[in-house]
Each structure stands twice: as C-alpha cells, then as structure tokens.
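Notes follow once the structure below has been shown.
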Amino acid sequence: MVKVVAAVIEQGGRFLLARRPEGGPYGSLWEFPGGKVEPGETPEEALQRELKEELGIEAEIKEHLLSFPFRSSHLNVDFIVYRAHLKKGHLQPHDHDELQWVKPEKLMKYALAEPDHFIAEKLQNESAHDKRDAPSDQGKGEKR
C-alpha cells in the first residue's frame, strides 16, 4: 500500500493550502502540501523531504492529526496527516501554482482535491469546537 503524507501548517489562525498545476491528477485543485513516502523513509522524514522539495522550507513535524485510507479511480493510498511548524526558509512553490493562507471556516470554499476534504472537515470541526469551548466574556462588563 502506498503511503502519502500531508502537512497542516498553521500560522496566525490560518492554514496553508497549495494549488496543484493544471494537468495530471487533481490539476488546479487545492491541497495540504505533502507527498509519497519513499521506501526506507518514515512518514515524518518523507514529510520533511516533501516540504523542502515542494515549498523550499524546513518544518518541525508536530503531532499526528489523522490517518485514513483513500480509494478512487486513480488513487489507492493511505493518508497520514501531521501538524507541522514552519521552522526555516521562505515559502517558494516549486510544484504548485499558488499558495494561500486560509481561515478554517473558509477551507471548504476552495476547490480541494478529494482526499483533502477529510483534512479540511477535521480542521473546521476542531475550530468550531474551540469556539464553543472558549470562555465567554458575558458578565465581565463594567458594573453600573
């Protein structure tokens, strides 16, 4: 089974999306950056390599976010998704047409590659959950 890794990179409450070039599978669609795990690599090593190759950055791989199998007419892979932190370098897309920093509630408005919908939904659910659990300012106003 082919393993594919993806990075959820957050900065200032926004997540990094990359648009694939036209042609090929998922052409012109947006994705969380990443790629295939090569033989002899751990998923974390593969993700660091892919981020360097695709975006010109060094990243610190944080916690595992989710894993899921994905099957379609042209893909049969296991996705492994990690949170990652931009450590060094400036974003320079080598394998993508465009990069965007996107708020969680706007992720599903982008034309996402099919497997990336699962990731975006998880991030939106987390964001909605965090907002529900945030302490309210109610009752902390000035006394009259």
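Residue numbering for the sequence shown is 0 to 143, as defined by numbering that gives the first Met the number 0.
Glycine is no exception: its CB is placed at the ideal position from the N, C-alpha and C atoms.
Computed from a predicted structure; not experimentally measured.
Terminal residues of the alpha helix (DSSP H) in which Gln47 lies | Pro42 to Leu54
DSSP three-state label for Leu90, please. coil
Next item on the list: Flag this pair as touching only if the region 96 to 111 and the region 64 to 72 have three or more C-beta atom pairs under 8 Å; answer yes or no.
Entry: no
Original post:
By a C-beta neighbour count over all protein chains shown, 10 Å radius and 16 as the cutoff for buried, is Arg70 buried or exposed?
Top reply: exposed
Cα-Cα separation, Ser27 to Pro114
14 Å
### Task
Sort Arg82, Glu125 and Arg13 by Cα distance to Gly33 and report the nearest one.
Arg82
message: With H, G and I counted as helix, E and B as strand and the rest as coil, what does DSSP make of Gly103?
response: Note on residue identity: the sequence assigns Pro, not Gly, to residue 103. Of the three classes helix, strand and coil, the one that applies to Pro103 here is helix, per DSSP.
Whole angstroms is fine: what's the gap from Leu54's alpha carbon to His95's?
8 Å
Between which two residues does the beta strand (DSSP E) carrying Glu59 extend? Glu57 to Arg70
| request: With a 10 Å radius around its C-beta and 16 neighbouring C-beta atoms as the bar for buried, classify Val1 as buried or exposed. | output: exposed
Checking 8 Å against the spacing of the C-beta atoms, do Leu111 and Ile8 come in under that value?
no
Helix, strand or coil: which one does DSSP assign to Leu122? helix
| query | What are the boundary residues of the beta strand (DSSP E) that Phe14 is part of? | reply | Arg13 to Arg18
| message | Does Asp96 come out as helix, strand or coil in the three-state DSSP assignment? | response | coil
Q. Helix or strand or just coil, what does DSSP make of His128?
A. helix
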